[in-house]
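Accompanying notes for the structure given below.
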């Protein structure tokens, strides 16, 4: 009887949280929680601000350096989360092995 | 006058080997994701890169290379849209880039009419050997085709939301005469689970708008898309009103006017008041007013006839006919009142049309929109995988 309202509230919260994570919201996230989508949003926001500065050669040079930095960030975000996942799996399996050795029959 | 720079001064052209052309269109068009670091930071980048490749082929005076590149470009864009043509993001991305490519071909055509806003450096970048006016025509036709596809995609997404969000869902609590209970909010949100509300529509409009902005679509083109979206919302809502008795009451009129005001608020918020979008809602607004005004005396009839100039006689009569009083203080519209209206409107030369054509598409135009971007400063981001082309 009590379950449905609870679930509903969770849904409402999720919906309320979503608009905040718009293009500008990505910059206020914790680096560990960054996704590639956030990196693209940051790109768009920064691109708009750079464009507002005009198109002098200095600005464009900076623009392409920022592209490179963001490409690196994108790669780190993707690889970082993959690596962390791999390490987590490895740790869990080692932990299981250890558990088995401890409780299992002694050699 | 040159700005001193350590690196080599580039001329804003890109060179590739003829045999690399398939690889070029594969990485730059066929397999390019509409969302990524480089294309998000520099909207229109694929179009600029393509144009810089055209410039080098023109510089080499290689008509075969120019023709081949333009043909593969057009064919590849068509191929992407055939494969992922139901994805709003993809269609919006290629509409923006096709337009930007077209603008580049004009801006650097060497025709004076298109050079008014160019810097002197940009004028040096004009094509020198080939007149590509015929290709511009082909690209403009392609852009029209992509626009129509975009309208179809957004129509398919919006359509299931409209009746539910604009007419059925109650934005104003307790309007319909159904007494709200203490638990109204809870119960109604359970009942609405899965059903679309006005907020769903506004959110959807917002996400369409933000995608188009991110793709650097021409502001004039965004206005036309928004006008078309508003027309779809207005036409589908009005058609349903004209088909359903339960939608023709004083409280539904109130509801519709409130929803329309929210849509107008959205336009103000996005700075789109001059897009012509609001005007497309006029028939719906007048139908909502018609539901609310007094419908009894000759003066009432006269007021209705001068107010409803965006509705046909058939539509006015239909609304009056379907009108259902919500409470004991209101009365059904009398047959003689409807007769009076019909007589008054007899001289009006309007169409016998009852339903609006919800599939109607306003003809699109692509006003020339030159860019201040300096081609000689463009570099090729690594993530595009175009290491085999070089700056000249």
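Chains as they are written, first to last, in my numbering: chain A, 850 to 956; chain B, 4 to 395.
Backbone N, C-alpha and C fix where the C-beta goes; we use that ideal spot for every residue, glycine too.
query = When the Cα atoms are used, what is the spatial distance from residue 1 (chain B) to residue 261 (chain B)?
reply = Here chain B covers residues 4 to 395 and nothing more, so residue 1 (chain B) does not appear.
query = Using a beta-carbon distance below 7 angstroms, is residue 902 (chain A) in contact with chain B?
reply = Not a single C-beta of chain B is nearer than 7 angstroms to the C-beta of residue 902 (chain A).
query = Counting Cβ pairs closer than 8 angstroms, one from the region 332–339 of chain B and one from the region 72–81 of chain B, do we hit at least three?
reply = Put simply, the region 332–339 of chain B does not touch the region 72–81 of chain B. Fewer than three CB pairs are less than 8 angstroms apart.
inquiry  = Can you tell me where the alpha helix (DSSP H) holding residue 942 (chain A) begins and where it ends?
reply    = Looking at the DSSP string, the run of the alpha helix (DSSP H) that includes residue 942 (chain A) is 906–952.
query = Using a Cβ-Cβ cut-off of 6 angstroms (strictly less than) and excluding sequence neighbours within five positions of residue 154 (chain B), which residues of its own chain qualify?
reply = Once the five neighbours on either side are set aside, the close Cβ partners of residue 154 (chain B) are 231 and 364.
query = Would DSSP call residue 348 (chain B) helix, strand or coil?
reply = Three-state DSSP puts residue 348 (chain B) in coil, outside helix and strand.
inquiry  = Check whether chain B comes within 7 angstroms of residue 793 (chain A), counting only Cβ atoms and requiring the distance to be less than that.
reply    = Outside the modelled stretch of chain A, which goes from 850 to 956, sits residue 793 (chain A), for which no answer is possible.
ask   = Nearest chain D C-beta to residue 375 (chain B) closer than 7 angstroms, yes or no?
value = Structure shown: chain D not included; protein chains present are A and B.
query = In its own chain, which residues sit with a C-beta less than 8 angstroms from the C-beta of residue 263 (chain B), not counting the 5 before and 5 after it?
reply = Cβ within range, chain order: 284, 287, 288 and 291.
Run of the alpha helix (DSSP H) containing residue 162 (chain B), from where it starts to where it stops = Its alpha helix (DSSP H) spans residues 136–165.
inquiry  = Using beta carbons (cut-off 7 angstroms, strictly below), is residue 185 (chain B) in contact with chain A?
reply    = Reliability of the predicted coordinates at residue 185 (chain B) is poor, the pLDDT of 40 falling under 50, and the value obtained from them is presented with this limitation in mind. Chain A, which has no Cβ nearer than 7 angstroms to the Cβ of residue 185 (chain B), makes this no.
query = Which of the three DSSP states, helix, strand or coil, is assigned to residue 18 (chain B)?
reply = DSSP places residue 18 (chain B) in strand when its eight states are reduced to three.
message = For a cutoff of 7 angstroms on Cβ pairs, would you count residue 916 (chain A) as touching chain B?
response = Chain B contact via Cβ: present.
request  = Kindly list, in the order they appear in chain A, the residues whose Cβ is closer than 7 angstroms to that of residue 39 (chain B).
outcome  = The answer, in chain order, is 889.
ask   = Could you check where the alpha helix (DSSP H) with residue 287 (chain B) kicks off and where it finishes?
value = Per DSSP, residue 287 (chain B) belongs to the alpha helix (DSSP H) from 285–295.
query = For the candidate residues B:65, B:124, B:126 and B:166, whose alpha-carbon lies nearest to that of residue 249 (chain B)?
reply = Among B:65, B:124, B:126 and B:166, the Cα nearest to that of residue 249 (chain B) belongs to B:166.
ask   = How is residue 892 (chain A) classed by DSSP in three states: helix, strand or coil?
value = Helix.
task = Answer yes or no: do residue 33 (chain B) and residue 95 (chain B) have a C-beta to C-beta separation smaller than 7 angstroms?
result = No. Outside cutoff.
request  = Less than 8 angstroms between the CB atoms is what I'm expecting for residue 383 (chain B) and residue 45 (chain B), so what's the real figure, rounded?
outcome  = For residue 383 (chain B) against residue 45 (chain B), the beta-carbon gap comes to about 11 angstroms, at or over 8 angstroms, which does not count as contact.
key: Own chain residues within Cβ distance below 8 angstroms of residue 55 (chain B), not counting five before or after   = Only 15, 16, 17, 378 and 381 meet the Cβ criterion.
inquiry  = Quick check on residue 877 (chain A): does DSSP put it in helix, strand or coil?
reply    = DSSP places residue 877 (chain A) in helix when its eight states are reduced to three.
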